[in-house]
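Using our numbering, you'd call the opening residue of the sequence shown number 35 and step up by one each time.
Quick notes on the structure that follows.
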Amino acid sequence: MRIIAGIVGGHKITAPKDGSIRPTTDRVRENVFNILRDFPRGAEVLDLFAGSGALGIEALSRGAKTVKFIDSSTAAVRTINKNLAATKLAASAMVCKYDVNRYLLHNKVPEQKFNLIFLDPPYKISAAELREVFINLPNYLTDDGLLILESGRKLPEKISNLLQLVDSRHYGDTYIYIFKQRQFK
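See below:
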C-alpha cells in the first residue's frame with residue numbers, strides 16, 4: 035500500500051498484520067481523489083473507521099490542513115500513528131481510539147465541523163448500524179462539505195434525509211458514495 039500523490043506520494047504505508055482491517059485499495063483511493071480533484075487542499079478532514087489511515091494520510095499529502103482519525107481498534111490506532119510518523123505528517127493529525135457511534139453520539143454538537151468526511155465502515159456493518167452512524171453525520175459536515183462513504187454493497191434507498199447523494203461509483207466489490215448537505219428552502 036502506498037500514498038498515491040502529494041508531498042509524500044509514493045511513500046509506503048502499512049495495515050495491521052492481524053487481518054482485522056480491510057484497507058482501501060490504491061486503485062479505489064486514487065479514483066476517489068481524482069473525483070475530489072483539489073478539494074482536499076486546506077480542508078479539515080474527519081476519517082471515521084480510519085483503519086490504516088490511508089484515506090486521511092492521502093488527504094494530508096494532497097494539502098489537507100488537518101485530519102482527525104477515529105477508530106476503535108488498538109491495532110488500527112497504533113498503525114495510523116506509525117504511518118503518520120513514517121510520513122512525517124503527525125503534526126497535522128489527531129488520532130483517537132473511540133467507537134465511531136459513541137464518538138458521534140457523545141459529540142452531537144461538535145466543537146468542529148469538517149469539509150471532508152471519510153466513512154469506511156467494516157463491510158459487514160448492517161444497514162441499521164449504518165443508518166445509526168448517518169444520523170449525526172450532518173452535524174459534523176460544513177455546509178459545502180462532502181462525505182465519502184466506502185461500502186461493500188449497494189446502499190439502502192433512504193440512508194439519510196439530511197444528506198444528498200451526489201455521485202456513486204463501483205470498483206469491483208467496492209462502492210463509493212459521495213454525499214453533501216441537503217439544502218432545505
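Glycine included, each C-beta is placed from N, C-alpha and C at the ideal position.
Beta-bridge partners assigned by DSSP to T208: Y205. Spatial neighbours of A88 in its own chain (CB-CB distance under 7 Å, excluding positions within 5 residues in sequence) are listed in chain order as M35, I47, P57, T58 and R63. Counting other Cβ atoms within 10 Å of its Cβ, P156 stays below 16 and is therefore classed as exposed. Taking the CA atoms as reference points, V101 sits about 23 Å from T208. Around the Cβ of G40, a 10 Å sphere holds 16 or more other Cβ atoms; the residue is buried. Between A77 and N149, the gap from beta carbon to beta carbon is short of 8 Å. Looking from the CA of D201, the closest CA among G53, I69 and S54 belongs to I69. K46 is bridged by DSSP to R36. Uninterrupted alpha helix (DSSP H) stretches at least 4 residues long and entirely within the region 94-139 occur at 108-121, given in chain order. Exposed is the label assigned to S54, since fewer than 16 other Cβ atoms lie within 10 Å of its Cβ.
Judged by DSSP in its simplified three-state form, D178 adopts strand. Relative to the Cα of I210, the nearest Cα in the group K99, F67 and I38 belongs to F67. In the structure shown, the three-state DSSP call for F168 is helix.
If the five residues before and after K131 are omitted, its C-beta is found closer than 6 Å to the C-beta atoms of V111, all from its own chain and listed in chain order. According to the DSSP assignment, D60 belongs to no beta strand (DSSP E) but to the alpha helix (DSSP H) extending over D60 to L70.
Beta-bridge analysis with DSSP links D81 to F103 and F152. Scanning its chain for C-beta atoms nearer than 8 Å, with the 5 sequence neighbours on each side dropped, one finds around N65 the residues R203, Y205 and I210, in chain order.
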